[in-house]
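Undergrad: Chains as they are written, first to last, in our numbering: chain A, 1 to 218; chain B, 1 to 218.
Where is the CB? At the ideal position from N, CA and C, for every residue including glycine.
In this text the structure is predicted, and so the values were computed from the model without any measurement.
Starting off with a structure, shown below.
There are 2 protein chains.
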Amino acid sequence: MNPVVLYHTEHAKKTRREILLVAVDIASAEGLENLSIGRLAKELRMSKTGIFAHFGSKQQLQLATVDAASEIFLQQVVQPVLQIPQGLRRLRAMLESWLGYIEQSVFRGGCFFAAVSAEFDSRPGKVRDNIAALTKAWVVALQDEIALATANGELLRDVNQNELAFELHAYVQEANWAFKMFNDRSAFMLAKSAIANRIDRAVNPGSIKPSRKLRSAK
Amino acid sequence: MNPVVLYHTEHAKKTRREILLVAVDIASAEGLENLSIGRLAKELRMSKTGIFAHFGSKQQLQLATVDAASEIFLQQVVQPVLQIPQGLRRLRAMLESWLGYIEQSVFRGGCFFAAVSAEFDSRPGKVRDNIAALTKAWVVALQDEIALATANGELLRDVNQNELAFELHAYVQEANWAFKMFNDRSAFMLAKSAIANRIDRAVNPGSIKPSRKLRSAK
DNA sequence: CCTACCGATCGGTAGG
DNA sequence: CCTACCGATCGGTAGG
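See the structure below:
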């Protein structure tokens with residue numbers, strides 16, 4: 001009789017996953033606060049308490065929704081680039097994969113984390129802390145890849161790694177903002193161009209791959 | 001007996017302004033949707049209908065709040081730079097002024113327009129359209145200043161003006177995001193550095209002012 | 001600018 | 001997973 005998950009059956013887990021898929025979509029478009037239990041119940045044709053029983057409180061629902069969005073981000077953006085060799089190539093792939101996930105509108109409201117971080121940046125609590133930790137982890141992942149690319153000799157040693165990560169991250173977030181606000185896909189071209197130019201300036205000319213086209217041999 | 005503003009007296013206008021100052025602050029931190037009439041009434045120690053009578057509907061309240069925020073932005077960010085000569089110097093001043101308004105936390109929840117554009121990008125309607133028009137106007141103002149700086153010969157003619165505006169705008173929005181999310185003021189240093197480097201790369205070396213320190217004479 | 005009210009919806013509980 | 005509730009709050013109206 002656990003109030004959080006009534007029966008730990010496979011069926012209950014499946015229902016929970018279905019609820020969270022809808023929750024992530026609603027939250028990305030209308031916000032985590034406006035994600036009401038009644039709204040979810042209507043969309044899923046369940047009773048309010050049927051939804052409620054899976055989470056136990058509104059805050060637990062919000063936390064579960066953030067976790068579910070994080071899993072989708074990992075699966076859609078991070079997983080596909082893990083096969084690419086670490087360093088400069090993976091850095092480029094991470095940014096391309098991230099832009100692709102925004103452009104393909106994986107979530108109804110654009111990048112889930114851009115939406116909810118703006119919503120919760122002034123709302124102290126566990127939800128905000130989780131969002132901060134997850135978005136920070138992605139920034140750190142970009143920084144780590146820049147550090148590896150430098151260690152590989154692919155990037156110039158005097159490049160400020162924090163600045164580079166800040167600027168690359170900014171281009172993708174700006175593309176998401178401009179695309180959602182003005183419904184103009186040219187923002188993706190601008191972001192790709194900014195990323196390519198910014199990285200090319202940091203590339204070590206001694207390493208033989210300033211861009212793919214110029215690579216002569218393996 | 002106009003339901004929107006009951007009495008067009010000076011006193012009523014003053015009350016309306018007082019309501020909107022609180023409304024802008026609440027909306028920047030908690031969102032324009034969560035800006036409820038009851039919440040405003042409590043904070044201002046007025047009755048709900050006392051607030052309501054000034055606007056006539058929730059949507060009109062939201063629209064008035066966006067307008068009020070726009071006036072504050074104009075006054076805090078735009079007005080101070082109008083005395084600076086147009087072109088490269090004003091472009092730099094616009095970005096510095098904008099960063100300053102974010103760092104000084106003019107609104108409780110950081111940049112009002114960053115917050116509400118993320119909130120309304122998936123909510124079609126007049127409120128969203130107004131937010132889009134106002135944020136677009138600021139992007140265009142940056143683009144216009146870049147065009148003037150180019151016409152002045154201060155920026156290189158082969159600089160892509162849309163790309164430059166996109167990247168500069170991105171740095172400031174990223175600083176707002178990082179500051180609000182991680183409460184880390186180093187984001188402002190990163191943004192200032194990114195802006196200075198990006199502009200310096202676009203500066204025409206023929207014009208004698210790549211940076212203030214290197215200027216030899218007037 | 002107020003009191004007094006409306007139906008709808010909110011998060012959450014009792015009990016099954 | 002359900003029905004049947006709870007008090008609080010929502011946007012909005014009547015009438016002054």
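(1) Please check if any C-beta of chain A sits within less than 8 Å of the C-beta of B:Q173.
(2) Check whether the stretch 170 to 180 of chain A touches the stretch 98 to 116 of chain A, taking contact to mean three or more Cβ pairs, one atom from each stretch, closer than 8 Å.
(3) Can you tell me whether B:L156 is helix, strand or coil according to DSSP?
(4) In whole angstroms, what separates the C-alpha of A:K180 from that of A:G38?
(5) To the nearest angstrom, how far is it from the Cα of A:G31 to the Cα of B:P80?
(6) I want to verify the contact list: residues of chain A whose CB lies under 8 Å from the CB of B:A69, in sequence order.
(7) Name the residue from B:E119, B:V203 and B:L44 whose alpha carbon lies nearest to the alpha carbon of A:L35.
(8) For the alpha helix (DSSP H) that A:N204 lies in, which residues bound it at each end?
(9) Please work out which residues of its chain come closer than 7 Å, Cβ to Cβ, to A:V139, disregarding the five sequence neighbours upstream and downstream, and give them in chain order.
(10) What's the gap between the Cα of B:A149 and the Cα of B:L95?
(11) In chain B, which residues lie less than 9 Å from A:K126 when you measure between Cβ atoms?
(12) Taking only beta-carbon positions, decide if A:S105 is within less than 8 Å of chain B.
(13) If we call anything under 8 Å between Cβ atoms a contact, is A:R90 one with A:E154?
(14) What first and last residue would you give for the alpha helix (DSSP H) that runs through A:M181?
(15) Would you report the Cα separation of B:A135 and B:L74, rounded to the nearest angstrom?
(16) Can B:A23 and B:A68 be called in contact, C-beta distance under 8 Å?
(17) Between B:R198 and B:E167, which are expected to be in contact by the criterion C-beta below 8 Å, what is the C-beta distance as a whole number of angstroms?
(18) By Cβ distance, which residues of its chain are closer than 8 Å to A:T65, with the 5 residues on each side in sequence left out?
(19) With a threshold of 8 Å between beta carbons, is B:K192 in contact with chain A?
(20) For the alpha helix (DSSP H) containing B:D121, list its first residue and its last residue.
(21) Take B:S207 and list the residues in its own chain whose beta-carbon comes closer than 7 Å to its own, dropping the five residues that flank it on each side.
(22) Which complete alpha helix (DSSP H) runs does the stretch 27 to 57 of chain A hold, if anything under 4 residues is left out?
(23) Which of the three DSSP states is assigned to A:L82 in this structure?
(24) Among the residues of its own chain, which have a CB less than 6 Å from the CB of B:V116, if the five just before and after it don't count?
(25) Label A:G125 either buried or exposed according to how many other C-beta atoms from any shown protein chain fall within 10 Å of its C-beta, with 16 as the threshold for buried.
(26) Closest to A:F182 by CA distance: which of A:A147, A:G110 and A:D200 is it?
(27) So A:Q62 and A:V106 are supposed to be a Cβ contact under 8 Å. How far apart are they, rounded?
(28) Suppose you measure from the CA of B:S47 to the CA of B:A41; what does that come to, to the nearest Å?
(29) Given that A:K48 touches chain B, what residues does it touch there, using C-beta distances under 7 Å?
(30) Using only alpha-carbon positions, find the residue among A:Q104, A:P205, A:D129 and A:T15 that is nearest to A:F188.
(31) When the Cα of B:A51 is compared with those of B:R92, B:R17 and B:S70, which residue comes out closest?
(32) Exposed or buried, which one is A:S57 when buried takes at least 16 other CB atoms within 10 Å?
(33) Note down, in chain order, each residue of its chain lying with its Cβ closer than 7 Å to the Cβ of A:N204, except the 5 sequence neighbours on either side.
(34) Take the Cβ of B:A133 as the centre, count every other Cβ of all protein chains shown within 10 Å, and call the residue buried at 16 or more, exposed below.
TA: Taking the coordinates as given:
(1) Yes, B:Q173 lies at the interface with chain A (some Cβ there is under 8 Å from its Cβ).
(2) Note that the stretch 170 to 180 of chain A touches the stretch 98 to 116 of chain A; at least 3 beta-carbon pairs, one per stretch, sit closer than 8 Å.
(3) In this structure, B:L156 counts as coil in the three-state DSSP scheme.
(4) Within the model, the alpha-carbon separation for A:K180 versus A:G38 is close to 27 Å.
(5) Each residue's alpha carbon lies about 35 Å from the other.
(6) Near B:A69 there are no residues of chain A at all, since even the closest Cβ is about 15 Å away, more than 8 Å.
(7) A check of alpha carbon separations from A:L35 across B:E119, B:V203 and B:L44 identifies B:E119 as the nearest.
(8) It is not in any alpha helix (DSSP H) - A:N204 carries neither H nor E in the DSSP assignment.
(9) Cβ contact annotation for A:V139 (same chain, cutoff 7 Å, sequence separation greater than five): A165 and H169, in chain order.
(10) One C-alpha to the other measures close to 14 Å.
(11) Listed along chain B, no residue sits closer than 9 Å to A:K126 by beta-carbon distance, the nearest being about 15 Å off.
(12) When Cβ-Cβ separations below 8 Å define contact, A:S105 makes no contact with chain B.
(13) Result no, Cβ atoms of A:R90 and A:E154 do not sit closer than 8 Å.
(14) A:M181 -> alpha helix (DSSP H) spans Q161 to F182.
(15) What sits at residue 135 of chain B in the sequence shown is Thr, not Ala. Each residue's Cα considered, the two are about 12 Å apart.
(16) Contact check for B:A23 against B:A68 passes: the beta carbons are separated by less than 8 Å.
(17) Contact between B:R198 and B:E167 is confirmed by a C-beta separation of about 6 Å, below the 8 Å threshold.
(18) Apart from sequence neighbours up to five positions away, the residues of its chain that approach A:T65 with a beta-carbon distance below 8 Å are L20, A23, V24, A27, L32 and L35, ordered along the chain.
(19) No, B:K192 lies away from the interface with chain A (no Cβ there is under 8 Å from its Cβ).
(20) Where B:D121 is concerned, there is no enclosing alpha helix (DSSP H), given that its DSSP letter is neither H nor E.
(21) Excluding residues within five positions, the ones whose Cβ falls inside 7 Å are G153 and E154.
(22) Fully enclosed alpha helix (DSSP H) runs of 4 or longer: 37 to 44 and 48 to 52.
(23) A:L82: coil per DSSP, three-state reduction.
(24) The answer, listed in chain order, is L32 and I131.
(25) A:G125 comes out exposed.
(26) Nearest of A:A147, A:G110 and A:D200 to A:F182, Cα basis: A:G110.
(27) Contact doesn't hold; Cβ gap of about 20 Å is too wide.
(28) Going from the Cα of B:S47 to the Cα of B:A41 covers about 6 Å.
(29) Here the premise fails: no neighbours, minimum Cβ distance about 21 Å.
(30) Ranking the options by Cα distance to A:F188, first place goes to A:Q104.
(31) According to the sequence shown, residue 51 of chain B is Ile rather than Ala. Nearest option by C-alpha distance: B:R17.
(32) Counting C-beta atoms within 10 angstroms of its own C-beta, A:S57 has fewer than 16 neighbours from the protein chains shown and is therefore classed as exposed.
(33) The beta carbon of A:N204 lies closer than 7 Å to those of G153, E154, L155 and L156 in the same chain, with the five residues before and after it left out.
(34) It is exposed - the Cβ of B:A133 has fewer than 16 other Cβ atoms within 10 Å.
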